[in-house]
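First residue of the sequence shown: 615, per my numbering; consecutive thereafter.
Working notes for the structure below.
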Amino acid sequence: MTANILEILADAARERTERNRAQVPLEEIRAKALAMECDTGFPFEKALRGDDIRFICECKKASPSKGLIAPDFPYLQIAREYEDAGAACISVLTEPTRFLGEDRFLGEIASAVSIPCIRKDFVVDEYMIYEAKVLGASAILLICAILTQEQLDRYTEIAHSLGLSVLCETHDEEEMMMALSCGARVIGVNNRNLKDFTVDINNCIRLRGMVSKDLVFVAESGIRDASDIAMLREAGVDAVLVGETLMRASDKKAKLDELRGTI
615 MTANILEILA DAARERTERN RAQVPLEEIR AKALAMECDT GFPFEKALRG
665 DDIRFICECK KASPSKGLIA PDFPYLQIAR EYEDAGAACI SVLTEPTRFL
715 GEDRFLGEIA SAVSIPCIRK DFVVDEYMIY EAKVLGASAI LLICAILTQE
765 QLDRYTEIAH SLGLSVLCET HDEEEMMMAL SCGARVIGVN NRNLKDFTVD
815 INNCIRLRGM VSKDLVFVAE SGIRDASDIA MLREAGVDAV LVGETLMRAS
865 DKKAKLDELR GTI
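So, in structure tokens, the structure goes:
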């Protein structure tokens, strides 16, 4: 493969955005977003603060590394189970090519639950931020590895002006400096290297010291059991994003309790 998966997904997102823009122009989607409540109080980041690790639980049908995870994908039922189990937030994949996500998943889930939802996608254009707002998201994901510093700064500014939080995703020290410079208040470290799919949960522990306690620090990917959570808790991680582990669990409440170490 000449291009890594992030480049492939970013290119696909650009093509998808151009198709959507042809159907609904930027000016129209922006006007719809601006007509919505912007003084939101940023519920996503508020939900991730607390005395113990908070859980962002992911609705994900497939992934590039694992292929099809959930052949049957009752996403509304899954989202409600997460909420009932005590999830702080729900992450909804809308990327269609490798994750088999759809925009409607986000819109329907955001309407069906009372906890904040984040649009999990590969944002490469401001158009996608306005889309997220219109779909009912409380937050968006911005991935430093596919954006310039100028884009990161601009997209963070747009999101905050709409009342959307930003989960700014990093993988290494260079990307962490980008995230700290853009004004993001929620910074994540992806323990999966999306260039080769290797996973190292110690990656977020290594980078934890670069982030002030005033910001929300999120560990993403590779979290399998209570021992992982205990290690992250000890390292001062505020929240974790858990996808495949929960998606494969038949009893999601029991799995969350197990991860927390309460059973």
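Ideal placement from N, C-alpha and C gives every residue a C-beta, glycine not left out.
Owing to the predicted nature of the structure, the values given are computational and were not obtained by experimental measurement.
Of the other Cβ atoms in all chains shown, 16 or more fall within 10 Å of the Cβ of M861; this residue is therefore buried. Contact between I819 and A840 does not hold, since the beta-carbon distance rounds to 16 Å and is not under 8 Å. Runs of the beta strand (DSSP E) lying entirely within the segment 687–748, each at least 3 residues long, are 703–707, 731–734 in chain order. In this structure, the straight-line span from the alpha carbon of A699 to that of M824 is close to 32 Å. One Cα belongs to D871, the other to E642, and the distance between them is close to 44 Å. For D852, the number of other beta carbons within 10 angstroms of its own is at least 16, and it is reported as buried.
Counting C-beta atoms within 10 angstroms of its own C-beta, E672 has 16 or more neighbours from the protein chains shown and is therefore classed as buried. The shortest C-alpha to C-alpha distance from E783 to any of A684, F736, F656 is the one to F736. The Cβ neighbour count for A636, taken over all protein chains shown within 10 Å, is under 16; the residue is labelled exposed. Between the alpha carbons of R733 and K869 lies a distance of about 23 Å. Residue environment for C652: exposed (fewer than 16 other C-beta atoms within 10 angstroms of its C-beta). For C652, there is no enclosing alpha helix (DSSP H), as DSSP marks it with neither H nor E. In the three-state scheme derived from DSSP, where H, G and I count as helix and E and B as strand, F811 is classed as coil.
Counting only residues of its own chain and dropping the five nearest sequence neighbours on each side, V856 has a CB closer than 8 Å to the CB of F669, I670, C671, E672, I837, L873.
Within the segment 744–812, the complete alpha helix (DSSP H) segments of 4 residues or longer fall at 763–775, 787–796, listed in chain order. By DSSP's assignment, S679 forms no beta bridge with any residue. Using a Cβ distance threshold of 7 Å, A693 and I723 count as a contacting pair. As DSSP reads the structure, V856 sits in a beta bridge with C671. For A627, the secondary structure class from DSSP, reduced to helix, strand or coil, is helix.
Around the beta carbon of K866, 16 or more other beta carbons sit within 10 angstroms, so the residue counts as buried. Distance check between Y744 and each of R644, L720, N816 places R644 closest, using alpha-carbon atoms only.
With a cut-off of 8 Å on Cβ pairs, the segment 768–778 is not in contact with the segment 800–811, counting fewer than three such pairs. Per the coordinates, the alpha-carbon of A649 lies some 13 Å from the alpha-carbon of G750. In this structure the segment 755–765 does not lie against the segment 680–694, because fewer than three pairs of beta carbons, one per stretch, are closer than 8 Å. Annotated as distal: Y769 and T631, with beta-carbon spacing of 7 Å or more. With respect to L707, K674 sits close: the two C-beta atoms are nearer than 7 Å.
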